[in-house]
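Colleague: In this note's numbering, the protein residues as written are 3 to 160.
#1: If distances are taken between C-alpha atoms only, which option among 118, 137 and 124 comes closest to residue 24?
#2: Report buried or exposed for residue 163, applying the criterion of at least 16 other Cβ atoms within 10 angstroms of its Cβ.
#3: Compute the Euclidean distance between the alpha carbons of residue 15 and residue 65, then round it to the nearest angstrom.
#4: Less than 6 Å between C-beta atoms, sequence neighbours within five positions excluded: which residues of the same chain meet that for residue 129?
#5: Just to confirm the assignment: which complete beta strand (DSSP E) runs, minimum length 3, are found wholly within the region 82-143?
#6: Can you tell me the Cβ-Cβ gap for residue 135 and residue 85, rounded? I've got them flagged as a contact below 8 Å.
#7: Does DSSP put residue 68 in a helix, a strand or coil?
#8: Can you grab the Cα-Cα spacing for the pair residue 17 / residue 96, in whole Å?
#9: In three-state terms, what does DSSP make of residue 54?
#10: Can you list, in chain order, the residues of its chain whose CB lies under 8 Å from that of residue 155, leaving out five sequence neighbours each side?
#11: Let me know if residue 26 comes out buried or exposed under the rule of 16 or more other beta-carbons within 10 Å of its beta-carbon.
#12: Look at the Cβ atom of residue 92, then the Cβ atom of residue 105, and state whether they are nearer than 9 Å.
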């Protein structure tokens, strides 16, 4: 594999906790990989599955969704909705033949810049090992039609 490959991570960060954790990581001069492109959302529950799929389709190698710890959501149960949606999203990724590690969920309070920095570093290393996401080859067949990945041994055309 080409050693110059650097993964691109789109980070959807909760305004109330995770975005502030990223800010704290920067102002505290914590060392973490510069691979994440942060997008501030009001709540992690606002991250729709189609946003994640669009980020991957448009060239991201991975997506990090970061929110408040369960029980500490500014919108009461937003992060619980996020967790449910994340589990469904992982199932969808499997059906598309995309490695689950390409989309990750992390909880980080505003005072936990180190937690967010560690998550970005860990995800960057995982994506380096996986290599670039080749959306066209992975999700679309050679003729441009969607391929549903039933399991690792067989796929059927949709």
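For glycine and all other residues, C-beta sits at the position ideal for the given N, C-alpha and C.
Modeller: The structure says:
#1: Reading the chain shown from its first residue, position 22 is the one you call residue 24. The residue with the shortest Cα to Cα distance from residue 24 is 118.
#2: Residue 163 is absent from the structure shown; the chain starts at 3 and stops at 160.
#3: Locating residue 15 in the chain shown gives position 13, where the first residue counts as 1. Locating residue 65 in the chain shown gives position 63, where the first residue counts as 1. One C-alpha to the other measures close to 11 Å.
#4: Translated into positions along the chain shown, residue 129 becomes position 127. Hits under 6 Å: 9, 63 and 64.
#5: 105-109
#6: In the chain shown, counting from the first residue as 1, residue 135 sits at position 133. In the chain shown, counting from the first residue as 1, residue 85 sits at position 83. Contact flag wrong, Cβ pair sits at about 23 Å.
#7: Locating residue 68 in the chain shown gives position 66, counting from the first residue. Of the three classes helix, strand and coil, the one that applies to residue 68 here is strand, per DSSP.
#8: For the purposes of this step, residue 17 is identified with residue 15 of the chain shown, where counting begins at 1. For the purposes of this step, residue 96 is identified with residue 94 of the chain shown, where counting begins at 1. Taking the straight line joining both Cα atoms gives about 29 Å.
#9: Numbered from 1 along the chain shown, position 52 holds the residue referred to as residue 54. Helix at residue 54.
#10: Locating residue 155 in the chain shown gives position 153, counting from the first residue. Unreliable placement is indicated for residue 155, whose pLDDT of 43 sits below 50; the coordinate value is still reported in the next sentence. None.
#11: To locate residue 26, count along the chain shown from 1; it is residue 24. When all chains shown are included, residue 26 counts as buried.
#12: Here residue 92 refers to the residue found at position 90 of the chain shown. Here residue 105 refers to the residue found at position 103 of the chain shown. Their beta carbons are under 9 Å apart, which means residue 92 touches residue 105 by this criterion.
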